[in-house]
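J.:
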Amino acid sequence: MPRLQSRHQRETAFLELAKRMYSELEAWYDAHPQASFGEIEAEARRRRRDLMGEMLALLINGRDVGYQLQPPTCTACGQAMEFEKYRPWQVKGLEGDAELQRAYYVCPHCAGQTLFPPRP
Ligand SMILES: [Zn+2]
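Note that our numbering has the sequence shown beginning at 782, numbered continuously upward.
(1) Asp-878 bridges to which residues according to DSSP?
(2) Looking at Leu-881: is its Cβ nearer than 8 Å to the Cβ of Ile-821?
(3) So for Thr-793, helix, strand or coil by DSSP?
(4) Less than 8 Å between the CB atoms is what I'm expecting for Ala-864 and Ala-884, so what's the real figure, rounded?
(5) Within the same chain, show all residues whose beta-carbon is closer than 8 Å to that of Gln-860, passing over the 5 residues directly before and after it, in chain order.
(6) State buried or exposed for Leu-839, treating a residue as buried only when at least 16 other CB atoms are found within 10 Å of its CB.
(7) If you draw a straight line from the C-alpha of Gly-795 to the C-alpha of Ala-879, how long is it?
(8) For Met-782, which three-state DSSP category applies?
(9) From which residue to which residue does the alpha helix (DSSP H) around Val-831 run?
(10) At the level of alpha carbons, what is the spacing between Tyr-911 and Ala-812?
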């Protein structure tokens, strides 16, 4: 279940990801000491997309995944909705793919449903 993270926690988590990527590149270069600059760059590019996607998920999910203390009201019947769970939302970006989380609410009165925050 996603949870809110402070800016410092998000930054620390991102630095861990970046450190892991760099460390993997070091290991790859150790194993391919004759690699040209172009080959090293190609290897870095393969990993960049994963890093970007994870960074975007951290940046967005750690901040707000839509859980509200005051539940939203159903747009169909006007009754208070109930939080059901967090739902994953796959986003394919230009620079990375991320799995975002959104709070999912359902209306116990008329089966209306909604996600918060709304999809941008
Ligand atoms: Zn309703």
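By construction, the Cβ of each residue, glycine as well, lies at the ideal position given by its N, Cα and C atoms.
T.: Here's the rundown:
(1) As a position in the sequence shown, residue 878 is number 97, starting the count at 1. Paired residue(s): Lys-873.
(2) Indexing the sequence shown from 1 puts residue 881 at position 100. Indexing the sequence shown from 1 puts residue 821 at position 40. Taking 8 Å as the Cβ cut-off, Leu-881 and Ile-821 do not qualify as a contacting pair.
(3) Position 12 of the sequence shown, counted from the first residue, corresponds to residue 793. In the structure shown, Thr-793 sits in a helix (DSSP, three-state: H, G or I).
(4) Within the sequence shown, the letter at position 83 stands for residue 864. Within the sequence shown, the letter at position 103 stands for residue 884. The sequence given here places Phe at residue 864; Ala does not occur at that position. Indeed, because the Cβ distance is near 6 Å, the residues count as touching under 8 Å.
(5) Sequence index remark: in the sequence shown, residue 860 carries index 79 (1-based). The answer, listed in chain order, is Thr-854, Cys-888, Pro-889, His-890, Cys-891.
(6) Counting from 1 along the sequence shown, the entry for residue 839 is found at position 58. When all chains shown are included, Leu-839 counts as buried.
(7) If you number the sequence shown from 1, residue 795 lands on position 14. If you number the sequence shown from 1, residue 879 lands on position 98. Before going further, note that residue 795 is Phe rather than Gly in the sequence given. Spanning the two alpha carbons is a distance of roughly 14 Å.
(8) Against the sequence shown, residue 782 aligns to sequence position 1. At Met-782 the pLDDT is 43, less than 50, meaning the model places this residue with poor confidence; the figure from the coordinates comes in the next sentence. It is coil, neither helix nor strand.
(9) Locating residue 831 in the sequence shown gives position 50, where the first residue counts as 1. Note that residue 831 is Asp in the sequence shown here, rather than Val. Per DSSP, Asp-831 belongs to the alpha helix (DSSP H) from 818-842.
(10) This structure leaves residue 911 out entirely; the chain is present only between 782 and 901.
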